[in-house]
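Taking it in order: structure first as structure tokens, then the write-up.
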Amino acid sequence: MNRLGHQAAAQATWLGVCTFERLVVDTPLTWQHVLAGAIVASSMCADDWSPDADQGGYMAKIIPGGHRGPTHMPELVAAVLFLLGRVAGQDLDWFVAAAAAAWGSHLFVDFFWGGIPFGIATLAGNKKRIGFKLDTGGPAEEVVTTGLTCIAIPLAYIALGGPLPVQVPLT
Ligand SMILES: [Zn+2]
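Residue numbers (my numbering): 3 to 173.
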């Protein structure tokens with residue numbers, strides 16, 4: 003999937019998390035929280051600060067295993083996020099959540115557009131991928147990207163505390 007698709011997925015995921023926090027967990031979110039997370043999710047969903055750091059540039063020379071190698075292993079990504087959470091502490095938990103939205107949605111999308119590595123076996127050189135092989139830039143990508151972009155609009159509205167036509171029962 004191209005950058006625009008990853009971006010649409012990351013934004014919808016982050017705004018979905020914020021909407022969930024507002025409606026279900028009943029956490030009051032500031033607009034700064036929602037906006038800062040959207041920027042982080044958008045910056046970290048593709049290219050050098052995403053699992054695709056293995057694809058080009060300086061990082062690709064350091065990371066072993068080629069494209070969609072270790073940086074696309076779900077368990078490794080989860081471990082890095084866990085460590086990031088420990089280092090960041092409570093004040094920056096939103097940052098870790100936004101990074102998780104970016105990287106998690108990246109792997110989820112890659113699962114359908116080409117597949118992701120076969121778990122820990124990747125470190126032993128296993129090149130097997132699990133997932134599907136939808137065409138990058140193909141019609142399915144266009145539909146999903148448009149859909150995710152459209153859904154981000156009401157999610158942003160709710161996440162930012164926009165008044166709802168019906169009162170959602172919280173408890
Ligand atoms: Zn990728």
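Heads up, the beta-carbon is just placed ideally off N, CA and C, and yes, glycines get one too.
query, result
"The alpha helix (DSSP H) enclosing residue 194, as first and last residue numbers", "Outside the displayed span of the chain (3 to 173) sits residue 194, for which this structure offers no information."
"Residue 93 versus residue 35 - alpha carbon distance", "11 Å"
"Residue 76 Cβ short of 7 Å to ligand 3 heavy atom set", "For ligand 3, the structure offers nothing, since it holds only ligand 1."
"Contact set for residue 138: own chain, Cβ-Cβ below 8 Å, skip 5 residues either direction", "3, 4, 115, 116"
"contact_flag[the stretch 83-103, the stretch 59-73] where n(CB pairs < 8 Å) is 3 or more", "no"
"Touching by the beta-carbon criterion (3+ pairs, under 8 Å), the stretch 8-19 and the stretch 142-153", "yes"
"Outcome for residue 118 when other beta-carbon atoms lying within 10 angstroms are tallied against a minimum of 16", "buried"
"Pick from 55, 41, 121 that is closest to residue 76, judged by C-alpha positions", "121"
"Where residue 135 falls: helix, strand or coil (DSSP)", "strand"
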